[in-house]
Amino acid sequence: MADRTKRLKEAIPEVVKALEEQGIRNDKLTSTFTNLRRGINDVKRTPEQLDGVASNRKEVWEFLLVLFDKDPKYGKQILSCAWTLLDSAPWAEAFIEVEDKKRFALWNISAGK
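Counting from 56, one number per residue, gives the positions in the sequence shown under the working numbering.
Set out below in structure tokens:
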């Protein structure tokens, strides 16, 4: 089976860097999220491969929550990423450790077309 985690593994350092920077800019968030989303979408068909991506799980969740809070227009895409990550037990456990989960404010998501 091909390793479909490459882009996700490449995106994680960007996520960590974005979180470390003071006053995360929206353009930086958007480009980082695009790379992260692509990496997560790559493993949608093989979610068991997510278990092998061990680095910075909690930071990825924090990034998704920060982005959702700052820019809810990406809400549907962020929640799609969340559902994929939650298919992996280690990623679900990392989500449990994240504080202030209510930032996934589902009421902020607009109805689709």
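Built from N, CA and C at the ideal position, the CB exists for glycine as well.
Note that the coordinates shown come from a computational prediction; the quantities given were computed from them, not determined experimentally.
Under the three-state DSSP convention, the category residue i falls into
| i | result |
| --- | --- |
| Arg100 | coil |
| Glu65 | helix |
| Arg112 | helix |
| Arg93 | helix |
| Glu152 | helix |
| Leu120 | helix |
Cβ neighbours of residue i in the same chain (closer than 6 Å, five flanking residues each side left out)
| i | result |
| --- | --- |
| Val115 | Val70 |
CA-to-CA distance, residue j to residue i, given in whole angstroms
| i | j | result |
| --- | --- | --- |
| Ile133 | Asn90 | 12 Å |
| Arg143 | Leu84 | A small correction: the amino acid at residue 143 is Ser; Arg does not occupy that position in the sequence shown. Taking the straight line joining both Cα atoms gives about 24 Å. |
Which listed residue (the options) has its alpha carbon closest to that of residue i
| i | options | result |
| --- | --- | --- |
| Leu140 | Lys157, Thr101, Val121 | Thr101 |
Residue i, buried or exposed, once every other Cβ within 10 Å from all chains shown has been counted against 16
| i | result |
| --- | --- |
| Ala73 | buried |
| Lys168 | Low per-residue confidence applies at Lys168: pLDDT is 42, beneath 50, and the placement is therefore not dependable, though the value from the model is reported in the following sentence. That one is exposed. |
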